Each structure stands twice: as C-alpha cells, then as structure tokens.
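**Student:**
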Amino acid sequence: MKITKLELLKVRPRWMFLKMYTDTDLVGLGEPVLEGHCTSVEAVVREFEDYLIGKDPMQIEHHVQALYRGGFYRGGPLMLSAISGIEQAMWDIKGKFYNCPVWEMLGGKVRDKIRMYTHIKRTAVAGDFSVDEMLNIADERLRAGYTALKYSIIPPIRAIDTPQNLMGHIARFAAERERIGDNVDLAIDFHGRVSPAMALRLAE
Numbered sequence: 009m010k011i012t013k014l015e016l017l018k019v020r021p022r023w024m025f026l027k028m029y030t031d032t033d034l035v036g037l038g039e040p041v042l043e044g045h046c047t048s049v050e051a052v053v054r055e056f057e058d059y060l061i062g063k064d065p066m067q068i069e070h071h072v073q074a075l076y077r078g079g080f081y082r083g084g085p086l087m088l089s090a091i092s093g094i095e096q097a098m099w100d101i102k103g104k105f106y107n108c109p110v111w112e113m114l115g116g117k118v119r120d121k122i123r124m125y126t127h128i129k130r131t132a133v134a135g136d137f138s139v140d141e142m143l144n145i146a147d148e149r150l151r152a153g154y155t156a157l158k159y160s161i162i163p164p165i166r167a168i169d170t171p172q173n174l175m176g177h178i179a180r181f182a183a184e185r186e187r188i189g190d191n192v193d194l195a196i197d198f199h200g201r202v203s204p205a206m207a208l209r210l211a212e
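Structure, rendered in structure tokens:
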C-alpha cells in the first residue's frame, strides 16, 4: 500500500482536517491543527508531503520518527501538530485495513464509561449574561444529569483589575456554588483571560 495524495480541509472557525489517500480504497483522516494557525500548520504538512507520497502508511512509527528527526531543527507546536495529524491519518488507515478500531490496537479500553462535564455558556451573541441566566443554565444542565459544570470568566479580567470587578466575578462563583450545592463539581476556566497576579487574587 502507498500514500498517493494529501488533502487538507479547513473548517471554520479554527479546525483543519487531513485526508490521506492511498492506492487502495482506504482513506485516513487526521486533524493537523494548532488553534489560530491553520495556514502555518498547512505549510508544514505540505513540506512533509514529498516525503510521504509513495510511502507505506502502515509503517507508522518509522514515518513519525523520520518526520521528527529528519531535520536539523526539531519540535515546536507547528511541526508537532502537523506530525500528529499525519500520524492519526496513518492509524486510521491501519485500523480500517485490519477492521479494528485504533483504541483496540493501542491496547484496548481502560474503562467502560467516563464522567463528563458541561459548559455554562452564555446564549447571547455578544455581551455579558446575567447571574440569573447563568443559574438557569446551571439548573438545566443538572436536570440533564451532569454532575460537573464549567464556567468561564466573562467578561475578561484586565491584567491589573479593580477590586469591584473582581468581587463581581467572585459573587457569580458564590451564587453558582450556592445554587448547585456541594455535591456538584464546579470548574472555572480562565481561557487565558486572567493574568497570574489576578488569578492569585481570585484564588484567595
């Protein structure tokens, strides 16, 4: 079996997928993407294309090592994202060839089920959402059976913010905790919106 073609598909707002074609009817799918840098990762995949075309996609580890160690400069998020998506596509081809899911080839499952959380997300297109709206969304999620919720810092906190703004966020957290009780886990996602100094203030 040989790799014959690489096709990259960009999907808004931030994703990119790879279709790896072979000289058989098998096509592998991968996701070579670094958020916000699709075009840059695309260029790296294209640089690897000359090496990959004509190669056997079943020799996964050989190709991963060749791509990673073949150049003088190694690593970095762009290169590793490209290699990751390429490797995924080769595993997909191998799984389809043997009619075996990739997770089975990698050693099998380690659990029968996993716990999931859900996001308390604003419904408005723009602007903040009220504490009441936030709590109503939390109630809906709990009725759906979730036992863990995640909330984002909205609006963002400035690098050095005022006590008034910080207390507003803390009041939101407190209201949410009071509503959901102590038996539900609550995660706070800063999404890169909080400086280290303000993160410490919030943690206090």
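Quick note: the sequence shown uses the working numbering, first residue 9, plus one each step.
Ideal placement from N, C-alpha and C gives every residue a C-beta, glycine not left out.
Keep in mind it's a predicted model, so treat the numbers as computed, not measured.
Nearest to residue 185 by alpha carbon, out of 96, 93, 139 and 30?
**Tutor:** It is 139 whose Cα lies nearest to the Cα of residue 185.
**Student:** Kindly indicate which residue of 175, 188, 24 and 173 has the alpha-carbon position closest to the one of residue 97.
**Tutor:** Of 175, 188, 24 and 173, the residue nearest in Cα terms is 24.
**Student:** To which residues of the same chain is residue 78 closer than 8 Å at the C-beta, ignoring the five residues directly before and after it?
**Tutor:** These residues qualify, in order along the chain: 59.
**Student:** Using a 10 Å radius around the Cβ and a threshold of 16 neighbouring Cβ atoms, would you call residue 100 buried or exposed?
**Tutor:** Residue 100 should be labelled buried.
**Student:** From residue 178 to residue 148, what does the alpha carbon distance come to, in whole angstroms?
**Tutor:** Rounded to whole angstroms, residue 178 to residue 148 spans 22 Å at the Cα level.
**Student:** Please give the ranges of any alpha helix (DSSP H) in the region 75–151, keeping only runs that are unbroken, at least 4 residues long and fully inside the region.
**Tutor:** Runs found: 85–106, 110–113 and 139–151.
**Student:** Can you give the beta carbon distance from residue 11 to residue 61, rounded, assuming they're within the 8 Å contact cut?
**Tutor:** So it is a contact: roughly 6 Å between Cβ atoms.
**Student:** List the whole-angstrom C-beta distance separating residue 117 from residue 111, where the pair is believed to meet the contact cut-off of C-beta under 8 Å.
**Tutor:** Indeed they touch by this definition, with Cβ atoms about 6 Å apart.
**Student:** Where does residue 28 sit, in a helix, a strand or coil, going by DSSP?
**Tutor:** Reduced to three states, the DSSP call for residue 28 is strand.
**Student:** Specify whether the region 145–159 and the region 187–195 touch according to this definition: at least 3 beta carbon pairs, one from each stretch, less than 8 Å apart.
**Tutor:** The region 145–159 is in contact with the region 187–195.
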